[in-house]
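The structure appears right after this line, and notes come after that.
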Amino acid sequence: MIKSLKYYVGMGLRPESKYPEDLSVTVSLEGSQLTKRIRDSFEEEKITELYGTYGAETGATPVEVDRLEVKTNNGEIAVTVLNRGIILLMSENEEVKRLHRFFCTLRDELG
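When you read off a place in the sequence shown, starting at 1, and then add 10, the result is the number in my numbering.
Printed below as a string of structure tokens:
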């Protein structure tokens with residue numbers, strides 16, 4: 011069960027940027043604020059299996075950054091995706107596709 015979720019998105023203007031502090035859009039939700047669609051997407055995309063950093067800062071300038079931090083009953087999850095758009099266009103990375111679908115659900119549900 012999700013206790014809380016934070017999603018940061020934006021453009022890191024330099025590699026030494028302190029993610030997530032430099033990112034422009036932040037969503038912070040408690041578990042009770044999550045819609046059924048967000049909870050279902052979290053489970054369907056198996057977000058609890060993902061962690062670490064995907065992508066590289068060298069793909070573009072500025073660096074597109076998505077950062078997800080989730081607290082669950084089983085611990086904490088932290089995932090960063092750098093240059094998501096480039097990864098989606100240039101590779102078949104299934105983990106990033108799963109994260110992309112979840113990020114899109116968040117965006118759609120939260121407007």
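Just so you know, even glycine gets a beta-carbon here, dropped at the ideal spot from N, CA and C.
For residue i, the first and last residue of its enclosing alpha helix (DSSP H)
i	result
threonine 68	Element bounds for threonine 68: n/a, residue is neither H nor E.
Three-state class that DSSP yields for residue i in the structure shown
i	result
lysine 107	helix
glutamate 102	coil
leucine 60	coil
threonine 115	helix
glutamate 55	coil
leucine 120	helix
Cβ-based burial, residue i [other Cβ within 10 Å; buried from 16]
i	result
arginine 77	buried
threonine 115	buried
glutamate 104	exposed
leucine 120	exposed
leucine 99	exposed
arginine 94	buried
glycine 62	exposed
Run of the beta strand (DSSP E) containing residue i, from where it starts to where it stops
i	result
threonine 90	85-92
leucine 15	12-22
leucine 78	73-82
Pairwise C-alpha distance: residue j and residue i
i	j	result
lysine 13	valine 89	16 angstroms
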